[in-house]
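A.B. asks:
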Amino acid sequence: MKLYDSRTTLPKKLAIFLTSRELHWSIIFVGIVLRLIQYLLNRSLWIDESFIALNIINKPFSELLQPLDYNQAAPVGFLILEKLVVQIFGGSEYALRLVPFLSGIISIFLFYRLAIWFSKPQAVTIALGLFAISDRLIYYSSEVKQYSSDVAIALLVFLAVINIKSKKLTTPRVVFFGIIGAISVWFSHPSIFILAGTGISLILFDIRKKEKLKFIKYLIVCSFWLLSFTIFYFISLRSLTNNEYLLNSWSNNHNAFMPFPPFSSTGIRWFADTFFEVFNNPVGIHLSGIAALTFIIGCVSKFADEKKKFYFLISPLIVALFASGLEKYPFEGQLLLFIVPFVLILVAEGTCYFITQTWHNSSIIGITLILLLFFHPLQSAVLNLKNPQNSAHPFQRVREEIKPVLSYVRENRRNGDVIYLYYASQYAFKYYLERYGLNYEDRKQAVWAISPKTWFAPALPSYPPYFIVGKYSRDNWKEFVSELNGLYGNKRVWLIFSHVHDRRSDIDEEDMFLHHLNTIGKQLDYFKSTEASAYLYDLSKEPKTEEQ
Numbered sequence: 207m208k209l210y211d212s213r214t215t216l217p218k219k220l221a222i223f224l225t226s227r228e229l230h231w232s233i234i235f236v237g238i239v240l241r242l243i244q245y246l247l248n249r250s251l252w253i254d255e256s257f258i259a260l261n262i263i264n265k266p267f268s269e270l271l272q273p274l275d276y277n278q279a280a281p282v283g284f285l286i287l288e289k290l291v292v293q294i295f296g297g298s299e300y301a302l303r304l305v306p307f308l309s310g311i312i313s314i315f316l317f318y319r320l321a322i323w324f325s326k327p328q329a330v331t332i333a334l335g336l337f338a339i340s341d342r343l344i345y346y347s348s349e350v351k352q353y354s355s356d357v358a359i360a361l362l363v364f365l366a367v368i369n370i371k372s373k374k375l376t377t378p379r380v381v382f383f384g385i386i387g388a389i390s391v392w393f394s395h396p397s398i399f400i401l402a403g404t405g406i407s408l409i410l411f412d413i414r415k416k417e418k419l420k421f422i423k424y425l426i427v428c429s430f431w432l433l434s435f436t437i438f439y440f441i442s443l444r445s446l447t448n449n450e451y452l453l454n455s456w457s458n459n460h461n462a463f464m465p466f467p468p469f470s471s472t473g474i475r476w477f478a479d480t481f482f483e484v485f486n487n488p489v490g491i492h493l494s495g496i497a498a499l500t501f502i503i504g505c506v507s508k509f510a511d512e513k514k515k516f517y518f519l520i521s522p523l524i525v526a527l528f529a530s531g532l533e534k535y536p537f538e539g540q541l542l543l544f545i546v547p548f549v550l551i552l553v554a555e556g557t558c559y560f561i562t563q564t565w566h567n568s569s570i571i572g573i574t575l576i577l578l579l580f581f582h583p584l585q586s587a588v589l590n591l592k593n594p595q596n597s598a599h600p601f602q603r604v605r606e607e608i609k610p611v612l613s614y615v616r617e618n619r620r621n622g623d624v625i626y627l628y629y630a631s632q633y634a635f636k637y638y639l640e641r642y643g644l645n646y647e648d649r650k651q652a653v654w655a656i657s658p659k660t661w662f663a664p665a666l667p668s669y670p671p672y673f674i675v676g677k678y679s680r681d682n683w684k685e686f687v688s689e690l691n692g693l694y695g696n697k698r699v700w701l702i703f704s705h706v707h708d709r710r711s712d713i714d715e716e717d718m719f720l721h722h723l724n725t726i727g728k729q730l731d732y733f734k735s736t737e738a739s740a741y742l743y744d745l746s747k748e749p750k751t752e753e754q
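First residue of the sequence shown: 207, per the numbering used here; consecutive thereafter.
Structure below.
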């Protein structure tokens with residue numbers, strides 16, 4: 207298809223503008239600014255970030271090779287990078303989020319190079335635009351998690367494959383390519399899907415061409431990868447396969463794994479649901495039907511024009527699906543963020559093909575299609591710029607904003623005040639403990655996640671205040687009641703909530719707590735922030751029992 211064929215494509219001047227480097231660099235600039243603004247927002251660490259942050263800050267390098275606390279899973283290389291940054295710049299949110307932020311910025315440039323190689327000129331602009339304003343790519347570029355670096359490493363490995371494929375396969379290049387892949391598995395768990403997919407594609411291409419020498423060289427490269435992955439598995443991944451909490455949480459989510467075998471009615475329904483959901487999360491195009499249609503058109507178009515490129519793009523998704531069928535890797539949500547670049551390239555290909563085939567009949571159709579694809583990502587980007595803490599946004603970028611809550615407690619507490627922590631709030635609280643002047647005189651005396659029988663009430667002066675960490679008793683409300691009744695006798699008790707179970711369900715534990723507290727005491731003050739809050743109660747009067 208000729209780019210400027212008047213029967214099938216856009217007007218020449220418009221086509222030249224849409225494929226200009228000036229427009230591409232403008233889009234890249236917008237993507238960088240959006241990620242920078244999100245990073246500079248400096249929002250509070252929410253519970254998942256607190257888990258990782260506490261591991262990074264409190265553990266020495268050697269212990270990062272061992273199973274992490276709080277049932278966390280992260281690549282060793284990512285943890286080491288984070289630890290290095292923390293040692294250089296301290297343990298602030300900015301330092302902890304620096305690696306994901308830089309990964310997010312680097313990913314834009316890597317994706318641009320990848321799109322140029324894989325896509326037609328007009329499709330590059332569409333793909334780059336969707337990538338630059340992708341809500342989830344922006345958000346995860348400022349979260350203390352490995353998902354942003356997963357994207358960067360996936361793109362880096364893919365570009366290495368392109369480089370090795372387009373040049374003569376010399377011995378130095380074989381070694382270099384092998385080392386790149388071998389290192390990547392230590393920094394990104396899903397990189398194994400990229401390596402497996404592209405590696406299998408390369409080998410199959412050479413078998414078909416009967417190029418034995420290349421076939422042998424690619425086998426050598428793959429042996430580098432396999433050796434590195436084997437070592438990494440026994441050092442790090444094996445512990446994850448024995449983590450009952452992670453296994454149970456994944457197995458309880460029936461949508462996380464592809465049914466195997468996949469050809470039952472349940473399997474077909476799973477494929478249909480998952481296929482459309484992927485475009486919403488993690489890709490971030492809320493009109494998933496439109497995105498799915500353009501993706502299918504893109505697959506057909508790319509397969510018809512450039513089969514090899516199509517196989518390269520689709521192979522990591524197939525390998526990830528296979529791993530999901532074996533229940534080794536969940537096929538959902540942010541764990542699939544690394545596939546977003548490849549999906550967007552095919553969506554852009556399909557969009558470009560559709561527009562060029564319909565433009566001479568009706569330009570309105572093409573313009574409408576682009577507007578539909580970009581509408582929600584653009585809307586979300588604008589809304590988050592105006593008010594990032596608005597929970598009504600399509601994808602909320604501020605979660606569990608506990609810092610203003612702790613500031614309010616610090617400014618309004620008195621000597622002798624008791625602080626009661628809702629069980630899920632303790633992890634963010636532990637991270638912010640010293641910063642907000644709520645530290646113990648001897649930090650080693652702190653006891654966390656304890657039962658009512660062993661509440662921690664240290665023999666310290668009235669300042670610092672007493673701290674009580676609530677017990678997880680979701681399955682037995684009487685435990686919560688007993689725990690709250692045990693606060694009797696305290697004139698001023700602060701209760702701090704974050705990551706409340708579950709604000710989106712019929713049962714909100716914060717509401718249940720407050721309902722009971724209002725029957726045994728008097729609310730004196732309160733402060734609320736995004737998904738975090740604090741309440742001050744007078745519980746000096748003994749609560750009435752059922753018999754009374």
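We treat Cβ as the ideally placed atom computed from N, Cα and C, and that holds for glycine. This structure is a prediction, so every number in the text was calculated from the model and none was measured.
Just verifying my parser: in three-state terms, what is the DSSP assignment at W252?
C.D. replies: Looking at W252 - three-state DSSP - the assignment turns out to be coil, as it is neither helix nor strand.
A.B. asks: Within the same chain, show all residues whose beta-carbon is closer than 6 angstroms to that of Y424, passing over the 5 residues directly before and after it, in chain order.
C.D. replies: The residues are L408 and I409.
A.B. asks: Looking at C-alpha atoms only, which residue of F393, Y346, F337 and K374 is the closest neighbour of A360?
C.D. replies: Comparing Cα positions, the closest option is F393.
A.B. asks: How would you label L270, buried or exposed, when you count the other beta carbons within 10 angstroms and need 16 or more for buried?
C.D. replies: The residue in question, L270, is buried, as its Cβ has 16 or more Cβ neighbours within 10 Å.
A.B. asks: Suppose the cutoff is 7 angstroms on Cβ atoms and the five residues either side in sequence are ignored; what does the same chain contact list for A333 look like?
C.D. replies: Taken in chain order, the residues that qualify are A321, S325, L550, I551 and A554.
A.B. asks: Could you tell me the alpha carbon to alpha carbon distance between F235 and L591, rounded to whole angstroms?
C.D. replies: Going by the C-alpha atoms only, they are around 16 angstroms apart.
A.B. asks: For the pair the region 732-749 and the region 690-709, tell me if three or more CB-CB distances fall below 8 angstroms.
C.D. replies: Yes, the region 732-749 touches the region 690-709.
A.B. asks: Can you name the start and end residues of the alpha helix (DSSP H) that Y517 belongs to?
C.D. replies: Its alpha helix (DSSP H) spans residues K513 to G531.
A.B. asks: With DSSP as the reference, please indicate the residues paired to Q729 in a beta bridge.
C.D. replies: Answer is Y743.
A.B. asks: Does the region 338-348 come close enough to the region 235-251 to have 3 or more Cβ pairs within less than 8 angstroms?
C.D. replies: With the cut-off at 8 angstroms, the region 338-348 and the region 235-251 touch.
A.B. asks: Leaving aside the five residues before and after R342 along the sequence, list all residues of the same chain whose C-beta is less than 6 angstroms from its C-beta, in chain order.
C.D. replies: Cβ within range, chain order: P488 and G490.
A.B. asks: Measure the CB-CB distance between S507 and Y559 and report whether it falls below 8 angstroms.
C.D. replies: Contact: yes.
A.B. asks: Looking only at its chain, what residues have a beta carbon closer than 7 angstroms to the beta carbon of F421, apart from the 5 residues adjacent to it on each side?
C.D. replies: These residues qualify, in order along the chain: I409, D412 and I413.
A.B. asks: Along the beta strand (DSSP E) that carries K697, what are the first and last residues, could you check?
C.D. replies: Looking at the DSSP string, the run of the beta strand (DSSP E) that includes K697 is N696 to S704.
A.B. asks: Give every residue of the same chain whose Cβ lies closer than 6 angstroms to the Cβ of S494, excluding the five residues on either side of it in the sequence, and list them in chain order.
C.D. replies: Correct list, in chain order: F482, F485 and N486.
A.B. asks: Would S348 and Q244 qualify as a contact pair, given that the criterion is a beta-carbon distance under 8 angstroms?
C.D. replies: Yes.
A.B. asks: Work out the CA separation of Y345 and T736 for me, nearest whole Å.
C.D. replies: Cα to Cα, T736 sits roughly 16 angstroms from Y345.
A.B. asks: Where does V675 fall in DSSP's three states?
C.D. replies: V675: strand per DSSP, three-state reduction.
A.B. asks: Using three-state DSSP, classify I625 as helix, strand or coil.
C.D. replies: Looking at I625 - three-state DSSP - the assignment turns out to be strand.
A.B. asks: Starting from the C-beta of I496, find all residues in its chain whose C-beta is less than 8 angstroms away, skip the five residues before and the five after it, and write them out in chain order.
C.D. replies: The answer, listed in chain order, is L575, L578 and L579.
A.B. asks: Among A587, I426 and G403, which has the Cα closest to the Cα of T377?
C.D. replies: Checked all of A587, I426 and G403; the closest Cα to T377 is I426.
A.B. asks: Might you give, ordered along the chain, the residues of its own chain that have their beta carbon closer than 6 angstroms to the beta carbon of Y276, omitting 5 neighbours on each side?
C.D. replies: For Y276, where only same-chain residues beyond five positions count, the Cβ hits under 6 angstroms are F257.
A.B. asks: Report yes if the C-beta distance between S445 and P273 is below 8 angstroms; otherwise report no.
C.D. replies: Result yes, Cβ atoms of S445 and P273 sit closer than 8 angstroms.
A.B. asks: Taking DSSP as the reference, what is the three-state secondary structure of A738?
C.D. replies: Looking at A738 - three-state DSSP - the assignment turns out to be strand.
A.B. asks: Suppose contacts are defined by Cβ-Cβ distances below 8 angstroms. Is T404 in contact with F466 by that definition?
C.D. replies: No. Outside cutoff.
A.B. asks: Out of curiosity, what's the CA-to-CA distance linking L639 and G297?
C.D. replies: Those two C-alpha atoms are separated by around 13 angstroms.
A.B. asks: Terminal residues of the continuous alpha helix (DSSP H) containing E483?
C.D. replies: E483 -> alpha helix (DSSP H) spans S471 to N486.
A.B. asks: Could you name the residues of the same chain whose beta carbon sits closer than 6 angstroms to that of Y628, not counting the 5 residues immediately before and after it, in chain order?
C.D. replies: Taken in chain order, the residues that qualify are G676 and F703.
A.B. asks: Quick check: the Cα distance between A301 and I385, rounded to an integer number of angstroms?
C.D. replies: In a straight line, the C-alpha of A301 is about 29 angstroms away from that of I385.
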